[in-house]
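Residue numbers (the working numbering): 1 to 292.
Heads up, the beta-carbon is just placed ideally off N, CA and C, and yes, glycines get one too.
Right, one structure below, let's go through it.
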């Protein structure tokens with residue numbers, strides 16, 4: 001079966017960026033400013049920022065600013081993962097791509113580097129309620145390097161790291177030797193290798209993507225000055241858990257919204273800081289891969 005038709009405006013040194021962060025992850029009044037920061041971070045590193053989304057049913061790798069503005073004007077924009085991508089396409093809907101769908105569409109367009117804030121993973125209490133993000137399967141299925149600050153520790157961080165190991169996904173660090181926990185620079189959990197040189201890291205990624213046909217997780221911890229102390233985070237999270245009930249696709253966004261409220265916006269500020277850092281590193285990796 002031929003691949004799903006997509007609008008592909010990517011370039012050889014593209015860095016994919018997801019639309020879910022912009023449409024669902026931050027307040028609307030700062031979207032334009034944050035998008036500009038992310039695009040500039042990639043471009044200043046010598047790479048090409050490439051926004052991924054579903055534009056009126058059409059998967060698009062390299063959305064224009066006009067298409068992003070049109071998406072933001074829509075009354076309802078669905079979060080599109082690997083399971084409901086086809087539904088959004090068939091019904092002509094606008095969709096903000098999650099990590100899993102951004103990876104899938106990036107690979108279809110030939111984009112090898114993707115920057116995000118944090119990947120999804122294994123949810124807590126998975127032994128009694130199986131809830132595992134599609135992100136992990138997408139990383140294992142597509143040769144795309146994912147630059148991330150680990151996974152949010154509303155998840156089971158250790159189980160997420162173990163799941164990546166089981167799926168055969170290399171987890172490496174840029175100037176870190178432990179798996180980050182999103183708002184915290186380290187979870188204390190070991191990774192497979194650490195790289196201090198962008199050139200060496202880019203060379204490894206290029207080799208590994210071609211060798212294995214799987215993705216690579218590149219860990220880049222949140223900047224030191226944006227880190228949220230673990231005790232503070234746990235207090236906010238405990239309060240937020242008390243305000244949110246239920247499980248399923250909408251539970252994580254609801255919980256994160258509750259944490260944002262409890263923290264008086266501090267988590268959103270931290271989220272933007274780590275996303276900007278990840279896009280910059282991804283841009284430098286993509287530019288170095290192009291030269292390698």
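Which same chain residues, not among the five before or five after residue i, have their C-beta less than 7 Å away from its C-beta?
i           : result
residue 188 : 178
residue 115 : 15, 17, 147, 278, 279 and 282
residue 239 : 262
residue 230 : 184
residue 109 : 6, 8, 10 and 61
residue 237 : 154 and 259
residue 198 : 284, 285 and 288
Check residue i in the structure and name its three-state DSSP category.
i           : result
residue 265 : coil
residue 185 : strand
residue 168 : coil
residue 222 : coil
residue 49  : strand
residue 27  : coil
residue 154 : coil
residue 36  : helix
residue 180 : strand
residue 175 : coil
residue 137 : helix
residue 123 : strand
residue 148 : strand
residue 83  : coil
residue 234 : helix
residue 22  : helix
residue 106 : helix
residue 8   : strand
residue 78  : strand
residue 197 : coil
residue 17  : strand
residue 143 : coil
residue 42  : helix
residue 59  : strand
residue 132 : strand
Answer with buried or exposed for residue i, where buried requires no fewer than 16 other C-beta atoms within 10 angstroms of its C-beta.
i           : result
residue 66  : exposed
residue 184 : buried
residue 118 : buried
residue 243 : exposed
residue 291 : exposed
residue 207 : exposed
residue 76  : exposed
residue 81  : buried
residue 104 : buried
residue 210 : exposed
residue 227 : buried
residue 190 : exposed
residue 29  : exposed
residue 133 : buried
residue 130 : exposed
residue 150 : buried
Would you tell me roughly how many angstroms separate the C-alpha atoms of residue i and residue j, rounded to the nearest one?
i           : j           : result
residue 263 : residue 5   : 42 Å
residue 79  : residue 261 : 21 Å
residue 176 : residue 218 : 10 Å
residue 27  : residue 106 : 26 Å
residue 51  : residue 257 : 24 Å
residue 180 : residue 90  : 38 Å
residue 140 : residue 182 : 21 Å
residue 255 : residue 38  : 25 Å
residue 40  : residue 33  : 11 Å
residue 253 : residue 166 : 27 Å
residue 265 : residue 234 : 16 Å
residue 200 : residue 220 : 15 Å
residue 303 : residue 24  : For residue 303 there is no data in the structure shown, the boundaries of the chain being 1 and 292.
residue 2   : residue 275 : Confidence is the limiting factor: at residue 2 the pLDDT is only 44, short of 50, which leaves the residue's position unreliable, though a coordinate-based value still follows. Taking the straight line joining both Cα atoms gives about 34 Å.
Identify, in the order they occur along the chain, each residue of the same chain with its Cβ nearer than 8 Å to the Cβ of residue i, setting aside the five sequence neighbours on each side.
i           : result
residue 43  : 49 and 283
residue 13  : 46, 47, 48, 286, 287, 289 and 290
residue 163 : 121, 122, 132 and 136
Given residue i, which residues of its chain have a CB within under 6 Å of its CB, disregarding the five upstream and five downstream residues?
i           : result
residue 113 : 15, 145, 282, 285 and 286
residue 223 : 273 and 277
residue 156 : 122 and 124
residue 11  : 48
residue 193 : 172
residue 159 : 122
residue 31  : 22
residue 196 : 175
Please tell me whether residue i has its Cβ less than 9 Å away from any Cβ of chain D.
i           : result
residue 128 : Among the protein chains of the structure shown there is no chain D, as only one such chain exists.
- Do the segment 53-60 and the segment 82-90 meet, that is, are 3 or more Cβ pairs less than 8 Å apart? yes
- Do three or more CB pairs link the segment 157-176 to the segment 206-215 at distances below 8 Å? yes
- Query: Per the contact definition of three or more C-beta pairs closer than 8 Å, is the segment 69-77 in contact with the segment 91-100?
  - Reply: Taking a cut-off of 8 Å for Cβ pairs, the segment 91-100 and the segment 69-77 touch, as three or more such pairs fall below it.
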